[in-house]
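Just so you know, we're using my numbering here: the sequence shown kicks off at 36 and counts up by one.
By construction, the Cβ of each residue, glycine as well, lies at the ideal position given by its N, Cα and C atoms.
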Amino acid sequence: MKKTRGPPVFLGDARRPRSMSSFALTGEPDVNSEHKLTTPIFTYTTKDFCYDNHDANCNDQKDSALGPEHDFQTLLMSRWNESKKHKAMNYDLNCMYKLLPGDYNLSIQLNVERGQLRRKPMHFRNIEEPFTNLRWNFTKIKQSEILMYLRCADKPLTSDPLDRHLLIVNASPLERGHSLVVPCVNRSLPQVLNEVSIKQATDLMLLTRDDNFHVLFNSLLGHASVNHLHVHVLFWPYESDLINRRFEMVQPDVYVIRQPDWFVPAFAFQLIKAEDLESFNRRVTKCAKFLTKRNVAHNVFFTRAQPLRTDGPLHSEDRFGKLPSLVTVYIFPRRSVT
Numbered sequence: 036m037k038k039t040r041g042p043p044v045f046l047g048d049a050r051r052p053r054s055m056s057s058f059a060l061t062g063e064p065d066v067n068s069e070h071k072l073t074t075p076i077f078t079y080t081t082k083d084f085c086y087d088n089h090d091a092n093c094n095d096q097k098d099s100a101l102g103p104e105h106d107f108q109t110l111l112m113s114r115w116n117e118s119k120k121h122k123a124m125n126y127d128l129n130c131m132y133k134l135l136p137g138d139y140n141l142s143i144q145l146n147v148e149r150g151q152l153r154r155k156p157m158h159f160r161n162i163e164e165p166f167t168n169l170r171w172n173f174t175k176i177k178q179s180e181i182l183m184y185l186r187c188a189d190k191p192l193t194s195d196p197l198d199r200h201l202l203i204v205n206a207s208p209l210e211r212g213h214s215l216v217v218p219c220v221n222r223s224l225p226q227v228l229n230e231v232s233i234k235q236a237t238d239l240m241l242l243t244r245d246d247n248f249h250v251l252f253n254s255l256l257g258h259a260s261v262n263h264l265h266v267h268v269l270f271w272p273y274e275s276d277l278i279n280r281r282f283e284m285v286q287p288d289v290y291v292i293r294q295p296d297w298f299v300p301a302f303a304f305q306l307i308k309a310e311d312l313e314s315f316n317r318r319v320t321k322c323a324k325f326l327t328k329r330n331v332a333h334n335v336f337f338t339r340a341q342p343l344r345t346d347g348p349l350h351s352e353d354r355f356g357k358l359p360s361l362v363t364v365y366i367f368p369r370r371s372v373t
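Structure representation (structure tokens):
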């Protein structure tokens with residue numbers, strides 16, 4: 036996403052102008068009008084959710100409004116590849132990986148082009164800084180950078196029908212499919228994890244049957260580069276060994292892991308069944324707010340993991356996929372990076 040200026044382009048389907056909204060994109064107009072006119076609205080319902088990726092019945096639940104052949108992952112990759120053809124990314128992915136020796140089985144990536152060509156990250160002084168339109172934000176993207184609009188038909192993220200939730204191109208990707216979700220883009224919210232963004236992240240995890248799919252959030256002073264609420268979605272080719280570790284329960288449904296069991300401490304939350312969805316989102320939200328109010332920078336990692344356990348060996352890997360694969364959130368408090 037390059038910083039550009041030009042006439043305003045109104046957010047929404049060109050065939051259905053959103054006249055009641057004053058929100059507009061300010062990026063340059065599209066030369067590819069066909070791409071603009073066909074930006075899809077991905078509509079899903081809670082019936083599409085898969086709570087255990089190792090449950091064979093999940094494959095029978097793909098009855099979203101777009102049809103079984105257009106589930107979220109399929110549409111995401113199709114739109115991402117289309118945007119790549121239209122040069123929406125700053126570079127072609129040419130990455131190398133290395134698995135590090137040691138107790139934590141970490142993987143690292145060499146991505147030279149991202150280091151050289153990505154937009155220079157902004158600097159911040161506090162975890163909570165007000166949104167300002169004077170700095171770069173996601174209202175300045177081009178319409179062609181929108182991969183899709185996101186909409187839950189039976190359980191909307193908010194009560195305001197004017198709220199728009201976007202999935203947009205990450206112009207400097209880490210991997211194929213690496214994109215950004217911008218909840219309530221019309222509200223111009225600062226980069227503070229809130230209940231709406233957590234709900235959206237959880238929904239996308241439940242819509243995706245691939246255990247390599249993740250959602251990530253960086254707070255201000257925690258490597259966030261833009262002060263406009265967003266989360267990352269991407270597929271990573273190596274699983275984190277964190278999902279195999281033993282945890283300690285500190286409260287009902289709240290877990291922690293400490294050093295040296297993991298190289299940094301983390302809180303953990305896990306969603307086991309549909310009946311727990313709302314309470315799960317509330318617990319994650321409460322933890323994020325706790326850190327934010329105390330001005331503690333943090334990173335958040337949504338993934339799939341085996342059931343959290345508090346006994347047995349420190350490391351226990353489910354090599355044959357016999358255990359459930361559940362949506363799990365790890366929150367890492369950290370030192371501030373300015």
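Nonlocal neighbours in the same chain, by C-beta distance under 6 Å from residue i, ignoring five residues either side
{"i": "Val291", "result": "Glu283, Val285, Phe302"}
{"i": "Val331", "result": "Pro368"}
{"i": "Ala100", "result": "Any reading at Ala100 is ruled out, since the residue's pLDDT is 45, under 50, leaving its predicted position unreliable."}
{"i": "Asn140", "result": "Asp276"}
{"i": "Met112", "result": "Gly212"}
Close beta carbons around residue i, own chain, < 8 Å, minus the five adjacent residues each side
{"i": "His158", "result": "Thr373"}
{"i": "Ala309", "result": "Thr81, Phe84, Tyr86"}
{"i": "Arg280", "result": "Ile292, Asp296, Trp297, Leu349, His350"}
{"i": "Ser360", "result": "Asp87, Asn88, His89, Asp246, Arg339, Ala340, Gln341"}
{"i": "Leu358", "result": "His89, Gln341, Pro342"}
Integer-rounded CB distance, given that residue j should sit under 8 Å from residue i
{"i": "Ser260", "j": "Pro156", "result": "4 Å"}
{"i": "His333", "j": "Pro368", "result": "5 Å"}
{"i": "Asp246", "j": "Arg344", "result": "Not a contact, Cβ separation roughly 18 Å."}
{"i": "Pro225", "j": "Glu163", "result": "7 Å"}
{"i": "Cys130", "j": "Gln144", "result": "5 Å"}
{"i": "Phe173", "j": "Val250", "result": "About 17 Å separates the two Cβ atoms, so there is no contact after all."}
{"i": "Arg244", "j": "Leu182", "result": "At roughly 19 Å, the Cβ-Cβ gap does not stay under 8 Å, so Arg244 and Leu182 are not in contact."}
{"i": "Thr78", "j": "Ala188", "result": "5 Å"}
Residue i - DSSP class collapsed to helix/strand/coil
{"i": "Met112", "result": "helix"}
{"i": "Lys82", "result": "helix"}
{"i": "Thr327", "result": "helix"}
{"i": "Thr74", "result": "coil"}
{"i": "Glu163", "result": "coil"}
{"i": "Leu269", "result": "strand"}
{"i": "Ser179", "result": "helix"}
{"i": "Tyr365", "result": "strand"}
{"i": "Met284", "result": "strand"}
{"i": "Arg340", "result": "Note that residue 340 is Ala in the sequence shown, not Arg. In the structure shown, Ala340 sits in a strand (DSSP, three-state: E or B)."}
{"i": "Ala301", "result": "strand"}
{"i": "Leu169", "result": "coil"}
{"i": "Met240", "result": "helix"}
Residue i classed as buried or exposed, judged by whether at least 16 other C-beta atoms fall within 10 angstroms
{"i": "Val147", "result": "exposed"}
{"i": "Met240", "result": "buried"}
{"i": "His265", "result": "buried"}
{"i": "Asn88", "result": "buried"}
{"i": "Arg354", "result": "exposed"}
{"i": "Glu69", "result": "In this predicted model, Glu69 has a pLDDT of only 46, less than 50, meaning its place in the structure is not dependable; the value taken from the coordinates is given anyway. Label assigned to Glu69: exposed."}
{"i": "Asn161", "result": "exposed"}
{"i": "His258", "result": "exposed"}
{"i": "Asn116", "result": "exposed"}
{"i": "Leu256", "result": "buried"}
Contact set for residue i: own chain, Cβ-Cβ below 7 Å, skip 5 residues either direction
{"i": "Cys322", "result": "Phe302, Ile366"}
{"i": "Ala416", "result": "Shown here, the chain extends from 36 to 373; a query on residue 416 therefore has no answer."}
> Between the region 205-214 and the region 255-270, are three or more C-beta pairs nearer than 8 Å?
Replying inline: The region 205-214 is in contact with the region 255-270.
>> Within 8 Å, do at least three Cβ pairs link the region 82-96 to the region 167-181?
In response: Proximity of the region 167-181 to the region 82-96 falls short of the contact definition, fewer than three beta-carbon pairs being nearer than 8 Å.
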